[in-house]
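So the structure is just underneath, and the comments pick up after that.
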Amino acid sequence: MGEKKGFRHLRIFVQTAWTFLTNCYAVGFAEGKIYTGPLKHICFPGLNCYSCPGAVGACPIGSLQAVMGSWKFSISLYVGGFLMVIGALMGRFVCGWLCPFGLVQDLCHKIPFFKKINRFPGDRILRYLKYIILLVFVILMPLFVVDIVGQGGPAFCKYICPFGTLTGSIPLVFKNPGLQPMVGFLFRWKVAILLVTLLAAIIIYRPFCKYICPLGAAYALFNRVSFGGLWVDKEKCVNCGACSKVCKMGVDPLKMPGSAECIRCGECARVCPKDAIHLGFRFRVKKEKISVLKKE
């Protein structure tokens, strides 16, 4: 049991370590400048705002918007290939373990509140909103809402992304007095989105991941076929329902271990009394019952 309790601490450690690793350019925070070195051309799996002073890599969603909005109207094979490779390997494991804004929401949800909300009317329908945002703000608007020279803009980053506001806009405005007189409605609008998201995260587990994040939507498309995932040994399972009760993403691992909503957090495996659920990578052989992380 002690090992299972330590699993939760392991995930928090990995999330925290990855957040610091991908946002370790301390000089940027100190001087209010953006890192523009060679690493900035490399996409990192989770949300990683380009405008964050500490960010040393690129965000897949920001990069995808950039190439979609290019005046050449060419789609980068690198960005598309990156999303497909990461999606095929890990699916939404990235959301649960490697996304800095996922960590922010997890920490917010730990703040005590008299009533946490797991499900509410309209929750299921709202889950589709992130796919609409992916299509409209990440793909269509950069393609068709263009300036005089035919260049599209990063619509999601510009109008919605709360993580970009938290780690990019606010630190840059704070450290650069010259930018402060330029603050207008758009900045206040995005700060409002950030505040609503953080407040909602106290009551609802990961509202941004559930309803808004286009990167999570992209990875969700690969959840059922990714090498990394949840594997249920039905011979061990006693249908106690502990796994579905503990899942804050509203997934029943027994019925749908490859659900697009599963972020591979491993809580279901942690509470399983029969050790019937495994989180890890495996090859599909012999009726899909072998897990590389299965205890011998």
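Each residue of the sequence shown is one higher than the last, beginning at 441 in the numbering used here. The C-beta atom is built at its ideal place from N, Cα and C for all residues, glycine as well.
Could you spell out where the alpha helix (DSSP H) holding residue i opens and where it closes?
i: L612; result: I610 to K615
i: H549; result: P540 to H549
i: I573; result: L569 to I573
i: F469; result: A466 to E471
i: G527; result: L517 to M530
i: F627; result: F625 to I643
i: L583; result: M581 to F584
i: L504; result: P500 to M508
i: E707; result: E707 to V711
i: L566; result: D563 to L566
i: G656; result: P654 to A660
Between which two residues does the beta strand (DSSP E) carrying residue i extend?
i: V672; result: G668 to V672
i: L719; result: I717 to F721
Suppose you measure from the CA of residue i to the CA of residue j; what does that come to, to the nearest Å?
i: L450; j: A682; result: 21 Å
i: C492; j: F627; result: 15 Å
i: C677; j: C483; result: 39 Å
i: G618; j: N463; result: 24 Å
i: I557; j: K688; result: 10 Å
i: I526; j: I573; result: 20 Å
i: I643; j: L529; result: 32 Å
i: L538; j: R532; result: 9 Å
i: V629; j: T637; result: The question names Val, but residue 629 is Trp in the sequence shown. When rounded, the distance between both Cα atoms is 12 Å.
i: F453; j: G590; result: 44 Å
i: K685; j: L461; result: 33 Å
i: F577; j: C601; result: 11 Å
i: P561; j: K695; result: 22 Å
Roughly how far, in whole angstroms, is the beta-carbon of residue i from the beta-carbon of residue j, given that I think they are within contact range, below 8 Å?
i: C702; j: L670; result: 6 Å
i: I501; j: K570; result: About 11 Å separates the two Cβ atoms, so there is no contact after all.
i: R559; j: G690; result: 6 Å
i: C646; j: G668; result: The sequence shown places Arg at residue 646, not Cys. About 19 Å; that fails the 8 Å criterion.
i: L523; j: A658; result: 5 Å
With a threshold of 16 other CB atoms inside 10 Å of the CB of residue i, please say whether the residue is buried or exposed.
i: Y518; result: exposed
i: A457; result: exposed
i: N679; result: exposed
i: V623; result: exposed
i: G608; result: buried
i: A470; result: exposed
i: Q545; result: buried
Near residue i, which residues of its chain fall below 7 Å by C-beta distance, leaving aside the five closest residues on each side in sequence?
i: A506; result: P594
i: F541; result: L487, F603 and F648
i: P582; result: Q505, M508, G509, G592, G593, P594 and A595
i: G706; result: F447, R451 and L719
i: C712; result: A682 and C683
i: K714; result: K676, C677 and V678
Excluding the five sequence neighbours on either side, which residues of its own chain have a C-beta within less than 8 Å of the C-beta of residue i, listed in chain order?
i: Y465; result: Y475, P493, G494, A495 and V496
Within its chain, find whatever has a CB closer than 6 Å to the CB of residue i; leave out the 5 residues flanking it on each side and keep chain order.
i: G477; result: none
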